Amino acid sequence: MMRSFLNACLVASGLVLSSAFIVIQPYRADAAEGRFAGVADRVLDGYLRPGYRALEEDAGRMADDVAAFCAASETIAPQALKDRFARLARSWSRLEFVRFGPVIAGHRYERLFFWPDVKGRGLRQVRRLMKARDAVVDDPAAYRKKSVALQGLQALEYVLFDGKAVFGPDEAGQYRCRLAMRIAAGIHDTASSLRADWDSDDGYARLMNNPGPDNPVYRSEKEVAQELITVLVSGLEAIRDRKVLVALGRDGATPKPKRLPFRRSGLAIEALAANLDGLAELYRAAGFDRDLKQNDQWLQQGIPFEFRNADRALSSLQMSIENAVADKDAAERLRYVSVVVDTLGEAIGVDLSTAIDLKAGFNALDGD
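Using this note's numbering, read the sequence shown as starting at 329 and increasing by one per residue.
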């Protein structure tokens, strides 16, 4: 079982790295390793394990609340579930840019988060399923074999918060409830498997904690650090290029705020804030700015300062992403966020990476 799990992770890692945001420079075996001693333990205990535990907990409560909601006899709108869904969306968003390890085995990432979906393929599949009222929703094993687009947070968000969504005793309302319960239970199952894999001392954590020539993923602690700084820089680039600037309309393009995840539930801006909060948490846990040379010590204050700037700007936007883009003042604050995120990407991807000799490259998707 362990061997098959690791093989799945390795195969999936190859697929991810082929289209990664960052071009990783080849590792040289003579590089000093002392700077990165303990980085795996710090990130496992300070970011990954608590993050996936929170995701499992929030997914479990989401599944319980959906079941309880659907057991109610009256016809009511699902807004009562919005707070619970918001907590789940935030828990996921803090981990969204982790594209290594257990989450890429068995398409678990896509099972949780089928995005971007520019052509709306997932939405069409959910609508077809609801129109047909396919009984597959009553068979957990059969439903898990369906498209991943039917199984994650985007599918659950649509079922719960589509503007026409009404849950009640009629056949359509009852089917919508059965579908919501199936999706929510599946999200919890996937989150539980991820938590278990990260918590296991004989799982992927073992690979991170024991780099070396016989390790199929990491030959050195420096390569572990490289994986982590890739998450930071690629995450920042995705926030800027795939989210904020898409919503605003980059270089005169038409604004497309509806492209952002969680906009249907009105949580797109909260999810952006959680994205940045998760990256800041990873940065703190990794401790990349320890023992910097005097000329580089400005990064120890500068990087956390910019994370706080972005958080304050997003926290001031208590509105939907559509309204924020349409409002001149709010749109300017979003543009400010994009500038801050760009500054963070430069500080981490260039200044810090150079200072600690990780040599993160450029975004391989620039210009797409």
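Even for Gly, the Cβ is constructed at its ideal location relative to N, Cα and C.
Small disclaimer: the values here were computed from a predicted structure and weren't measured.
Looking at the DSSP output, Phe-425 bridges to nothing. Its Cα nearest to that of His-435, the residue Lys-474 stands out among Arg-461, Lys-474, Ile-557 and Glu-565. Taking each of Leu-560, Gly-514, Arg-456 and Arg-661 in turn and checking the Cα distance to Asp-467, the smallest one comes out for Gly-514. For Met-647, there is no enclosing alpha helix (DSSP H), since its DSSP letter is neither H nor E. Remark: fewer than three beta-carbon pairs, one from each stretch, lie closer than 8 Å, so the segment 620-629 and the segment 568-587 are not flagged as touching.
The beta carbon of Asp-624 sits closer than 6 Å to those of Ala-683, all from its chain and outside the five residues before and after it, given in chain order. Contact holds between the segment 544-563 and the segment 366-385, because three or more Cβ pairs, one in each stretch, are under 8 Å apart. Apart from the 5 residues on each side of it in sequence, Arg-504 sits with its Cβ closer than 7 Å to the Cβ of Met-458, Val-487, Ala-493 and Phe-495 in its chain, given in chain order.
When C-alpha distances from Ser-421 are compared across Ala-641, Ala-608, Pro-497 and Asp-685, the shortest belongs to Ala-608. Going by C-alpha positions, Gln-479 is about 18 Å away from Arg-415.
Closest by C-alpha distance to Ser-521, out of Val-371, Ala-382 and Asp-373, is Ala-382. For Ser-643, the closest C-alpha among the options Ala-654, Asp-655 and Leu-662 is that of Leu-662.
Note that the segment 379-395 touches the segment 521-530; at least 3 beta-carbon pairs, one per stretch, sit closer than 8 Å. Collapsing the DSSP output to three states places Phe-495 in a strand. In this structure, Arg-389 is the residue among Arg-427, Arg-389 and Phe-441 with its C-alpha nearest to the C-alpha of Asp-411. Relative to the Cα of Gly-374, the nearest Cα in the group Gly-501, Gly-615 and Leu-686 belongs to Gly-615.
Look at Pro-468 here: in three-state DSSP terms it is helix. Here the alpha carbons of Glu-565 and Ala-395 stand approximately 38 Å from one another.
Close CB contacts of Glu-634 within its chain, under the 8 Å cut and outside five residues either way in sequence, are with Val-668, Thr-671, Leu-672 and Ala-675 (chain order).
Residue environment for Ala-460: exposed (fewer than 16 other C-beta atoms within 10 angstroms of its C-beta). Annotation: the continuous alpha helix (DSSP H) that includes Phe-489 extends over 481-489.
Counting the other Cβ atoms within 10 Å of the Cβ of Asp-657 gives fewer than 16, which makes it exposed. By alpha-carbon distance to Arg-640, the top candidate from Ile-597, Ala-613 and Gly-501 is Ile-597. A check of alpha carbon separations from Gln-502 across Gly-491, Thr-518 and Asp-462 identifies Asp-462 as the nearest.
Annotation note: the segment 491-542 contains the following uninterrupted alpha helix (DSSP H) runs of length 4 or greater, listed N- to C-terminal: 499-527 and 532-537. Taking 8 Å as the upper bound for CB-CB distance, Tyr-532 and Gly-429 are in contact here, some 4 Å apart.
Counting only runs of 4 or more residues that sit fully inside the segment 653-683, the alpha helix (DSSP H) segments are 656-674, in chain order. Burial is judged here by how many other beta carbons sit within 10 angstroms of a residue's own beta carbon; Gly-677 has at least 16 and is buried.
Residue environment: Pro-497 is assigned as exposed (fewer than 16 neighbouring CB atoms within 10 Å of its CB, all protein chains considered). Here Pro-406 is buried. Its C-beta has 16 or more other C-beta atoms within 10 Å. Considering only Asp-679, Leu-588, Asn-637 and Ala-638, the residue with the shortest C-alpha distance to Ala-417 is Leu-588. Sixteen is the threshold: since fewer than 16 other Cβ atoms of the shown chains lie within 10 Å of the Cβ of Lys-586, the residue is exposed. Note that the C-beta distance between Gly-563 and Phe-442 is not below 7 Å. Residue state for Lys-473 is assigned as coil, using DSSP reduced to three classes.
Spanning the alpha carbons of Arg-568 and Val-561 requires a straight line of approximately 11 Å.
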